[in-house]
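What follows is a single structure, written as structure tokens, with notes after it.
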Amino acid sequence: MDVLNLKGTDDTPTIVLNAEEKVFNISGRSLPEDAASFYNPVLTWLDDFATTQSGVAMKFEVKLEYFNTASSKLLLDIFSKLESINSNNGNSVNLEWYYEDDDEDMMEAGEEYSELVELNFTLKQY
Amino acid sequence: MINNESIIESKAIYEFYKNMQKENVMLLYQGDVNQSLLNAILSITEGKLDTNENGSAKKRVLNIMVECVQNIYKHYEHLEQNIKNDYSSILMLALNEDKYIISTGNVIFNDKVELIKNKLDNVNSLDKEGLKSLYMEIMKNGKISEKGGAGLGLIDIARKSGEKIEYHFSKISETYSYYILVIKIKKK
Amino acid sequence: MSNLEDLKNAATPLNFIYKLHEGMMSKNLKLIYEGDFSQDILKAVLSMTEKQLESIGEDGKIKKKVFNIMVECLQNICKHTEDNKIKINHKSAIFMVGFENEEYFICTGNPIKQENVELLKMKLAEINNLDKEGLKALYMEVVSRGAISDRGGAGLGLIDIARKSGKKLEYSFEEMEKDYLFFSLLIRIPRN
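Same order as they appear, the protein sequences are chains A, B and C.
Numbering of the first sequence is given in the working numbering, commencing with residue 1027 and proceeding in unit increments.
Numbering of the second sequence is given in the working numbering, commencing with residue 24 and proceeding in unit increments.
Numbering of the third sequence is given in the working numbering, commencing with residue 34 and proceeding in unit increments.
Here's what the structure looks like:
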């Protein structure tokens, strides 16, 4: 399946989704005004993944410096997609949420997402 | 502050500047806004905080600035150009002893005032836990308003600020009001 | 909705912002920026003003004049603040644009080093002494001589501003802290 590769900018994150290489990550800053259209390709890619892939142990890494509230809803949408990928077609998902060691807000945000979705959620300090 | 004499003169510029310094204003923009200007302001803010701020306060300030900027922009899009020209938006960052102060001012439609005021009062009436559960609830139920989740933005601001949000509305015409927000962030 | 009386007693920042808003209205200011200056801010402020001038249907010639003078002013500020950055990183510069009595006005204010003041004063005085023809001659001379100062031709910038504005440059220097003065420049651009 196609590789999704978005290069980060001042207000959007770097996103790499590569089923073949088993690389799935979002990193950088996510502050777009129109978060819905920015994340649309990601959601589409995940839908494709759900219908075409099987037996993949997905390690999905999220390493964000900042995100705005417009992005927060879209992140939840992504995690919900991961939720449905998980335990279907033999796929499994492990979500790794990174936060910088002094960034309590980002840590808390990770904790909150883990309460909102049924996923293996690992909080990782960096 | 700018005094009320009708003709501006070069000396008045310094008076204005001194007032800004007195209020410890780090950055002030007043005028019409667009996305690239707001992005430029954010990157300036980041550079300014870099040199003398620890990580978590810096992130909070930037996060709140982003939300504020996007709040301004959301209301702004629907205004007519002549209103944009006549009533400018304000974005200010100041550092007052142990607190950063972020202020915004912008024009909104009168029929939005009650709704925003209610949201602000609601947010201000909640403690840390209350804000968290309201945030989670809105995330879960996806109750994002058609203008892209204004509610979530204010809740997020309140959570990151940790202090009550100050606000003021003043009616400028039958259609419009001027809306001011003041948000404080402890420096720690 | 609270009224003005409430606001007078309100906490300082709220009051401060309200006064800014009022001051801006009463002074017919269109844009104020105070802070650090970067190339991005410069570009953004310029495109913003251009759009505003377009939206009110300003005459092309005036629009171009205002735009050109803004570019020179903003680049002057950028240059000066580059110099000052290390010494006074909390002291930012200021830039304003307004419209009043059928003229645009552009204001800049920034701290400059004491040692640069004399030269700048001389340049300003020289420029203000000249009429249109004199400014043109000086401009040509500086251009052809290539006598551009090591800070990138501040002289040429000011001459250009004076020529485009067609008015005397208004300026003042105010004592700041040790080694620095605050340089304010006010440029008027009549609409006709």
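All residues carry an ideal CB built from backbone N, CA and C; glycine is no exception.
State yes or no: is the beta carbon of residue 90(B) nearer than 9 Å to at least one beta carbon in chain A? Proximity of residue 90(B) to chain A, defined by a Cβ-Cβ separation below 9 Å, is satisfied.
Residue 213(C) beta carbon less than 9 Å from that of residue 146(C): The criterion of a C-beta distance shorter than 9 Å is satisfied by residue 146(C) and residue 213(C).
So, does the CB of residue 91(C) fall closer than 9 Å to a CB anywhere in chain B? It does not: the Cβ of residue 91(C) has no partner Cβ on chain B nearer than 9 Å.
Rounded to a whole number of angstroms, what is the C-alpha to C-alpha distance between residue 1079(A) and residue 1109(A)? Pairing residue 1079(A) with residue 1109(A), the inter-Cα distance amounts to about 15 Å.
Could you name the residues that DSSP lists as bridge partners for residue 222(C)? Bridge pairing for residue 222(C): 137(C) [DSSP].
Whole-Å CB distance - residue 216(C) paired with residue 171(C), under 8 Å assumed: Actually they do not touch by this definition, with Cβ atoms about 21 Å apart.
Would residue 30(B) be called buried (16 or more neighbouring beta carbons within 10 Å of its own) or exposed? Note that residue 30(B) scores a pLDDT of 45, beneath 50, so its modelled location is shaky and nothing firm can be said.
What does DSSP give as the partner residue(s) for residue 54(C) in the beta ladder? Looking at the DSSP assignment, residue 54(C) forms no beta bridge with any residue, so it has no partner.
Look at residue 69(C) and residue 177(B) and say whether their C-beta atoms are less than 9 Å apart. Not closer than 9 Å, so no.
Is it buried or exposed, residue 104(B), if we count other Cβ atoms within 10 angstroms and call 16 or more buried? Around the beta-carbon of residue 104(B), fewer than 16 other beta-carbon atoms lie within 10 Å, marking it exposed.
Closest by C-alpha distance to residue 1057(A), when choosing among 1077(A), 1067(A), 1050(A) and 1092(A): Comparing Cα positions, the closest option is 1092(A).
On the DSSP letters alone, give me the boundaries of the beta strand (DSSP E) that residue 204(B) sits inside. 199 to 209 is the span of the beta strand (DSSP E), which, as asked, contains residue 204(B).
For a test of the three-state rule: what should DSSP assign to residue 1096(A), helix, strand or coil? DSSP places residue 1096(A) in helix when its eight states are reduced to three.
Which of the three DSSP states, helix, strand or coil, is assigned to residue 96(B)? Looking at residue 96(B) - three-state DSSP - the assignment turns out to be helix.
So is residue 55(B) buried or exposed if we call it buried at 16+ other beta carbons inside 10 Å? Burial call: buried.
What number of angstroms, rounded off, separates the C-alpha of residue 204(B) from the C-alpha of residue 1120(A)? Near 41 Å, if we compare the C-alpha coordinates of residue 1120(A) and residue 204(B).
Looking at the unbroken alpha helix (DSSP H) that takes in residue 1118(A), where does it start and where does it end? Counting along the chain, residue 1118(A) falls outside any alpha helix (DSSP H), though it belongs to the beta strand (DSSP E) covering 1118 to 1125.
Given a cut-off of 9 Å, decide if residue 1088(A) and residue 1122(A) are closer than it, judged by their beta-carbon atoms. Yes.
Whole beta strand (DSSP E) elements within the region 84 to 135 of chain B, 3-residue minimum: For secondary structure counted as the beta strand (DSSP E) over 3 or more consecutive residues, the region 84 to 135 of chain B holds these complete runs in sequence order: 112 to 119 and 122 to 132.
Is it the case that the Cβ atoms of residue 127(C) and residue 132(B) are separated by a distance below 9 Å? For residue 127(C) and residue 132(B), no; Cβs fall outside 9 Å.
Please report the straight-line C-alpha distance between residue 87(B) and residue 192(C), rounded to a whole angstrom. C-alpha separation (whole angstroms): 43 Å.
Just to confirm, is the Cβ distance from residue 190(B) to residue 114(B) under 9 Å? Contact flag unset, no.
Proximity to residue 1049(A) [Cα-Cα], best of 1037(A), 1063(A) and 1028(A): Nearest neighbour of residue 1049(A) by Cα position, chosen from 1037(A), 1063(A) and 1028(A), turns out to be 1028(A).
Can you list, in chain order, the residues of the region 48 to 71 of chain B whose Cβ is nearer than 7 Å to any Cβ on chain A? Residues 58, 62 and 66.
Measure the beta-carbon distance from residue 988(A) to residue 175(B) and round it to whole angstroms, keeping in mind my assumption that it falls under 8 Å. Here chain A covers residues 1027 to 1152 and nothing more, so residue 988(A) does not appear.
Keeping to the same chain, check which residues put their C-beta closer than 7 Å to that of residue 1031(A); ignore five residues upstream and five downstream. Closer than 7 Å at the Cβ level, and outside the excluded window around residue 1031(A), lie 1042.
Which term fits residue 207(B), buried or exposed, when burial requires 16 or more other beta carbons within 10 angstroms of its beta carbon? Residue 207(B) is buried by the Cβ-count criterion.
For residue 169(C), which option in 143(C), 198(C), 75(C) and 150(C) has the closest C-alpha, if you only look at C-alpha atoms? Minimum Cα distance to residue 169(C) is reached at 198(C).
Closer than 8 Å by beta-carbon distance: list the chain B residues that pair up with residue 219(C), in chain order. Neighbourhood of residue 219(C) in chain B, by CB distance below 8 Å: 31, 32, 33 and 36, in chain order.
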